[in-house]
Each structure stands twice: as structure tokens, then as C-alpha cells.
Amino acid sequence: MPTLSEPSLPSFFEQRQLSIGTLKHSSLPLEETTYLTIGAGVGSFIWVDHLIIHGVDPTTIVALGLEARPYARFRRLCRNSQILDHDRLRSDSGGTPDNIWAWPGYALREMGRDLRCGRVRHAARLAWQIFSEPVLHDPFTPQAGDVFTSLDREARRIGWRTIRRFGLARAVRKTNDGRYVVAYSPTMALKGGCRLIVARYVHLAMGYPRVRVLPELHQYRQQMDFSRHFVNAYEPHDHVYRRLRQTGGAVLLRGRGITASRIIQKLHEVYGHNPNIRILHLMRSPKPNGPHYEYARRLTRNHFDHQPYNFPKACFGGDLRRVMEQANDRERAELISLWGGITTAKRPLWERIITTGLTEGWYHIRFGRLAWVEPAQNGITVAVQGDVAWSEETQLRVDFIIDATGLEVAPERSPLWRDLLQCYGLPKNRAGQIKVTNDFEIAALRNTPGRVFTGGIMTLGGPFAPVDSFTGLQYAAQKSLESLIAQGAPGVRRLGPVRSAVQWSRWAVGVSP
């Protein structure tokens, strides 16, 4: 993420509330709209899709962001973490960011494609899978490429190209007429000057602030010119696999979530070409048993917590969703730790790889933390401190460190969120994220009649558990639309049975809403 410089902002942005007259008399380019979403990613796209289907004129909507396609950053993170278009995402059939009705889901669409192409046997297997999951079969997950293709189709249908505006949002302020003004730069390098856009309703959907670098490795990465030997799983690092395939080597892997599982699969593929590869999987502590909630206990195997999705399916639309919505702030934080946490999907291929690696000796699990890291000739020397106080340090030489511990989630790591926290003192929930109402409104930013909504990972610990999912983004958009309808927001109409059927029919044939 770019680093913002405070002096580059207009001086009047030091105030908490700005006068519209001041903005109009400034020398900065100014435009006005009704609905503005910041981020222009999948979260913004879903919110815009809901607005248009609910009757809002697309010319009154602006999506401000840095990518031409709404899934561009998500796709880049997928590819860096070795999830290609033919690989399957950790999502269910009904998580359809291109379709607010969630029908037909991705499973039915894939079955239809198979039947049209004559792949009857595969279509039959899919039918059996979706009707027998999760008791007799693993849950269905869509191919990444199918999700991206469906988003492209919906983007063309709603005219996303005319809605999206290239720009980097730098600050948001309330105005004295019940609206908000956003200062943004039209270029990534912040050298194209500053422009202003005023909107009545603002939606913040910037996603994860940046890639996470653990403290014990941050100094090493900053001071040493060994960045090619220490990589994050969400950054481009194909050179690691090319080098291992050519010469072999030792890899230290951090993290035990689904990204770590995918990295192990990729390393196993390379191992098939060069058996001189060793994997040391460093985990903080043993995990013999998973957490339990009431009568349910999460499956744990080889110190991995297994769960089909990042939260139990009942959190998406069943009883646990209602429990979360009705819980207080403290209870929500406790439920998040019980239902969520670091988990991976239970996929037979991954289990076979781990079992085979442990048996054959090319995969090892070690518990502890990195005490220190030093450069060595053509590699890295690491010191591993055991997970108990009296454990001795063990020094190891490895060729690469792959950090698969995830992305940064702290709001302070985002320049825009940090500015809002400092200017308006936004309250946080017990999970450390932005506190929102059950409608996903940031109440501390209310500027009647104006409203600011958000969603995604920044609302973790709020009224909905799986916010960092396609379904979670759709749920947040739906709740914010319900709030806008209740307020009588311009152009937003209730989606009754008849209108919903008409709109779905238009979606099915690819006609503009």
C-alpha cells in the first residue's frame, strides 16, 4: 500500500466538519454524487449490484478504486498463494457475488456446463455431492475461474466500467449539509494532485490493508537484502518453486490455515520432480483437539483444525447467524474465537500429502517460534525456540522461509482507516475491528441524513461471523440496503416478489436491470 503524506491533503481537511461553501470555493476539482463506494473490489461491486437491482440510477453511483476489474486484487492474491483459475475456492455453491438471489448456484451452473459438453458422469458426481454434503461427501466448492467469469458477466450487465473511477481515497470528512466529502488522488503515486467528491451515502470496502509480516521477521526483511529467500504466501514467489525444482532445498513454512495447505500441495508437486526437498512446518504449539461449541467439536488432525469454510455453515444463514446477531460485543468476540480461528478445509489430497510426508520423512512438524534469523551463504540460518520456557534453541539452515500466516487485518494499517480513527475516534469491537450496527452502519460517522456503511474483514466481531466471504459481503450489502429503504434513500425501491422475479429474469438472460 502507498504511504500517504499528511501535507499533501488540503489544509481544511484538518477539521472534522467541512463547509460546502469552502469546498466549492477551493481550487480543487469537485464533483457530487449520491452513492459512493471506496475500494472498487468485490465488496464494492456487490454493494453497487444491490443498489442497481433495487432501482438506483447507475449515473448516481461512483466506485472509487485502483483496479479495472472488481476481482483483480483477489485474483492476484489467489494466484500468488497458488490458487489458479481451475482450482477451487473455499466457498460454497450459494456464495454468488454476481447474483443476489444465489440461484442458480455455482454447483448447478457447473452441472449444466458439464451436461452441455457431454460430461454426464462428472455432472452426476456433482449432483451426488451437493445432495449428500456434508455427511456423505465433502462440501462443493466453486472453481476460481467460474467466479471470475461470472463477475465479468455481471459487470457488463450493470455497466461497471461507467461506474468505476480510478483513484486512491485519502480522507473522508463530514460536510455541514449532511453529506461527506472524499479527497482522492487520481493516480497511485499521489502525484496527480487532489480531487474532491461529495456523496450522501458512502460505503467503505477497502479489504485487507496489506500483507502481514510477523514482528520477528520484519526487521530481517527490512535490513537484509535477502527478500528472495523470505517470502509471504500472498506475494509473487514462483522463483521459490523454480529454484527448488532445479536444485532442491529446505523450506521453513509458517502458518496452518488453508493457504499453508495449498502451499504444501504446491511443494509436493515440486517434490515429484525433485525429491531432494525438505519441509519444516513451524507451528506455535500442538493442537491435539479442536474447540467445541455445545455438542459439536471441530475435527483436528496432524495439528490442523479442519472446517469446510472459515465458519460453520450455520453461521451463514442458520441458527448461529441469529445467535451472533443477538449477542453483545463480549459474547461476539468469544463466539468468533470458538467458531472461527485458523482452520483449513478437510480435503483428501491434502491429508494424503501430510500423511505421506510424515511417513517418508520429507515433511516435519516442529513447535515453537523463530528466535532470530540471519543470512547465510545461499540461504538463511534460523533459530527455533521451543514452545516451553526451558527449551533450547535449535539452529537450522534453510533455503527459503514461506510465511502463510495471513494478511494484515488491523484497521490502523490502512491509511484511510487510520485517518478516520484519529479524526473521529471510531469505536472498535472486542475483536479489534470497526464497530458497526446490525445494518453495518458506522454509527460514529452518521451525518443525518447521510450514512456510512462498511463490510468485510473490518467488521469481524460484528453482527455476522463470516464477513470475509462472498456470502458475508452479500449479507452486509443486503442489510445496508434495508437501512436505506427504511430511510427513504433516493432511488432505492423495495424488492417485492414481482419485482424480484422480473429482476432475476433479467439477470438470467443478461439484460441490464
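If you're matching positions, the sequence shown starts at 0 in numbering that gives the first Met the number 0 and goes up one per residue. From the three backbone atoms N, C-alpha and C, an ideal C-beta is built for every residue, glycine too. Since we're looking at a predicted model, the values are computed, not measured.
### Query
residue 313 bridges to which residues according to DSSP?
Within the sequence shown, residue 313 is the residue found at index 314, counting from 1. For residue 313, which the question treats as bridged, DSSP gives no partner whatsoever.
### Message
Quick check: what's the CA-CA separation for residue 0 versus residue 277?
### Response
Along the sequence shown, one-based indexing puts residue 0 at 1. Along the sequence shown, one-based indexing puts residue 277 at 278. Summary for residue 0: the model assigns pLDDT 35, below 50, so the residue's position carries little reliability; its value from the coordinates is reported in the next sentence. Using only the alpha carbons, I get a separation of about 34 Å.
### Nearest neighbour of residue 261, chosen from 81, 268, 457, 281 [CA to CA]
Taking the first residue of the sequence shown as position 1, residue 261 is located at position 262. If we check each option's Cα against that of residue 261, 81 comes out closest.
### Query
For residue 486, which residues of its own chain have a beta-carbon under 8 Å away from its beta-carbon, when the five flanking residues on both sides are left out?
Taking the sequence shown and counting its residues from 1, one reaches residue 486 at position 487. Taken in chain order, the residues that qualify are 448, 450.
### Message
Quick check: residue 40 and residue 69, are their CB atoms within less than 8 Å of each other?
### Response
Residue 40 sits at position 41 when you count from the first residue of the sequence shown. Residue 69 sits at position 70 when you count from the first residue of the sequence shown. Judged by their CB atoms, residue 40 and residue 69 are nearer to each other than the 8 Å cut-off.
### Message
Three or more C-beta pairs under 8 Å: does that hold for the region 481-495 against the region 36-53?
### Response
These segments touch.
### Query
Are the Cβ atoms of residue 38 and residue 206 separated by less than 8 Å?
The residue labelled residue 38 in the question sits at position 39 within the sequence shown. The residue labelled residue 206 in the question sits at position 207 within the sequence shown. In this structure, residue 206 lies closer than 8 Å to residue 38 by Cβ.
#### Entry: Where the alpha helix (DSSP H) through residue 304 begins and ends
One-based indexing of the sequence shown puts residue 304 at position 305. Per DSSP, residue 304 lies in no alpha helix (DSSP H) segment; the continuous beta strand (DSSP E) that holds it begins and ends at 303-305.
### Query
Among the residues of its own chain, which have a CB less than 8 Å from the CB of residue 143, if the five just before and after it don't count?
For the purposes of this step, residue 143 is taken as residue 144 along the sequence shown, with counting starting at 1. Hits under 8 Å: 74, 77, 82, 83, 84, 85, 86, 87, 88.
### Query
So the beta strand (DSSP E) residue 182 belongs to, where does it begin and stop?
Taking the first residue of the sequence shown as position 1, residue 182 is located at position 183. Residues 179-184.
### Query
If we ignore side chains and look at the alpha-carbon of each, how far apart do residue 488 and residue 112 end up?
For the purposes of this step, residue 488 is identified with residue 489 of the sequence shown, where counting begins at 1. For the purposes of this step, residue 112 is identified with residue 113 of the sequence shown, where counting begins at 1. The alpha-carbon atoms of residue 488 and residue 112 are separated by roughly 40 Å.
### Task
Could you spell out where the beta strand (DSSP E) holding residue 277 opens and where it closes?
As a first step, residue 277 must be located in the sequence shown, where it is residue number 278. Residues 276-282.
### Query
Curious, which full-length beta strand (DSSP E) runs of at least 3 residues does the region 42-67 contain?
Here the runs fully enclosed are 60-64.
### Per-residue DSSP class, three states only, for residue 79
Here residue 79 corresponds to residue number 80 of the sequence shown, with the count starting at 1. It is helical.
### Message
Please return the same chain residues whose Cβ sits closer than 6 Å to the Cβ of residue 475, not counting the five positions on each side in sequence.
### Response
Within the sequence shown, residue 475 is the residue found at index 476, counting from 1. Excluding residues within five positions, the ones whose Cβ falls inside 6 Å are 439, 454.
#### Entry: Per DSSP, cross-strand counterpart(s) of residue 16
By one-based count along the sequence shown, residue 16 stands at place 17. BP columns for residue 16 point to 173.
#### Entry: Buried or exposed (CB count within 10 angstroms, at least 16 for buried), residue 413
Numbered from its first residue, the sequence shown carries residue 413 at position 414. By the neighbour-count criterion, in which 16 or more other beta carbons inside 10 Å mark a residue as buried, residue 413 falls on the buried side.
### Task
Would you mind sorting residue 173 into buried or exposed? The rule is 16 or more other CB atoms within 10 Å of its CB.
Residue numbering aside, residue 173 sits at position 174 when the sequence shown is read from its first letter. Around the C-beta of residue 173, 16 or more other C-beta atoms lie within 10 Å, and the residue is accordingly described as buried.
### Task
Tell me whether residue 184 counts as near the ligand FAD, meaning its Cβ is closer than 7 Å to at least one heavy atom of that ligand.
Of the ligands one can find in the structure shown there are none, so the ligand FAD has no counterpart to examine.
### Buried versus exposed call for residue 473 [16 or more other C-beta atoms within 10 Å across all chains shown]
Position 474 of the sequence shown, counted from the start, is the residue given in the question as residue 473. So residue 473 ends up on the buried side.
### Message
Quick check: the Cα distance between residue 64 and residue 158, rounded to an integer number of angstroms?
### Response
Numbered from its first residue, the sequence shown carries residue 64 at position 65. Numbered from its first residue, the sequence shown carries residue 158 at position 159. Linking residue 64 to residue 158 through their CA atoms gives a straight-line distance of about 16 Å.
### Task
Compute the distance between the beta-carbons of residue 233 and residue 265, then report whether it is under 8 Å.
Taking the first residue of the sequence shown as position 1, residue 233 is located at position 234. Taking the first residue of the sequence shown as position 1, residue 265 is located at position 266. Contact: no.
#### Entry: Inter-residue CB distance, residue 198 and residue 183 (contact presumed, cutoff 8 Å)
For this step, residue 198 is matched to residue 199 along the sequence shown. For this step, residue 183 is matched to residue 184 along the sequence shown. The Cβ separation is near 12 Å, so there is no contact.
### Task
Tell me whether the beta-carbon of residue 263 lies closer than 8 Å to the beta-carbon of residue 352.
Taking the first residue of the sequence shown as 1, we reach residue 263 at position 264. Taking the first residue of the sequence shown as 1, we reach residue 352 at position 353. Taking 8 Å as the Cβ cut-off, residue 263 and residue 352 qualify as a contacting pair.
### Task
Can you check the region 211-295 for any beta strand (DSSP E) of at least 3 residues that lies completely inside it and give the ranges in chain order?
Qualifying beta strand (DSSP E) stretches, in chain order: 229-231, 248-253, 276-282.
#### Entry: Beta-bridge partners of residue 98, as assigned by DSSP
As a first step, residue 98 must be located in the sequence shown, where it is residue number 99. DSSP, once it has assigned bridges, lists no residue as partnering residue 98.
### Message
Check for me: the beta strand (DSSP E) holding residue 374 runs from which residue to which?
### Response
Translated into positions along the sequence shown, residue 374 becomes position 375. Looking at the DSSP string, the run of the beta strand (DSSP E) that includes residue 374 is 368-375.
### Message
Can you list, in chain order, the residues of its chain with a C-beta nearer than 6 Å to that of residue 231? Leave out the 5 residues immediately preceding and following it.
### Response
For the purposes of this step, residue 231 is taken as residue 232 along the sequence shown, with counting starting at 1. Closer than 6 Å at the Cβ level, and outside the excluded window around residue 231, lie 210, 402.
### Task
Go through the region 376-446 residue by residue and report every complete run of the alpha helix (DSSP H) that reaches 4 residues or more, in order.
Those alpha helix (DSSP H) runs which fall completely within the region 376-446 and span 4+ residues are 414-423.
### Task
Count the C-beta pairs between the region 144-151 and the region 87-105 that are closer than 8 Å, then say yes if the count reaches three, no if not.
By the Cβ criterion, the region 144-151 is in contact with the region 87-105, since at least three pairs of Cβ atoms, one from each stretch, lie closer than 8 Å.
### Message
Measuring straight from C-alpha to C-alpha, what distance separates residue 411 and residue 459?
### Response
One-based indexing of the sequence shown puts residue 411 at position 412. One-based indexing of the sequence shown puts residue 459 at position 460. Roughly 15 Å separates the two Cα atoms.
#### Entry: Of the residues 90, 13, 120, the one placed nearest residue 310, counting alpha carbons only
Along the sequence shown, read from residue 1 onward, the residue named residue 310 stands at position 311. Here the closest residue by C-alpha is 90.
### Query
Taking Cβ to Cβ, would you say residue 332 is nearer than 8 Å to residue 409?
As a working mapping, residue 332 is identified with position 333 in the sequence shown. As a working mapping, residue 409 is identified with position 410 in the sequence shown. Cβ atoms of residue 332 and residue 409: not closer than 8 Å.
### Message
Quick check: the Cα distance between residue 291 and residue 297, rounded to an integer number of angstroms?
### Response
Taking the sequence shown and counting its residues from 1, one reaches residue 291 at position 292. Taking the sequence shown and counting its residues from 1, one reaches residue 297 at position 298. Cα to Cα, residue 291 sits roughly 6 Å from residue 297.
### Message
Could you check whether residue 236 and residue 79 sit closer than 8 Å to each other, using their CB atoms as the reference points?
### Response
By one-based count along the sequence shown, residue 79 stands at place 80. By one-based count along the sequence shown, residue 236 stands at place 237. At a Cβ-Cβ threshold of 8 Å, residue 79 and residue 236 count as neighbours.
### Task
Find the nearest neighbour of residue 127 within the set 110, 312, 299, 202, judged by alpha-carbon distance.
As a position in the sequence shown, residue 127 is number 128, starting the count at 1. Of the candidates 110, 312, 299, 202, 110 places its Cα closest to the Cα of residue 127.
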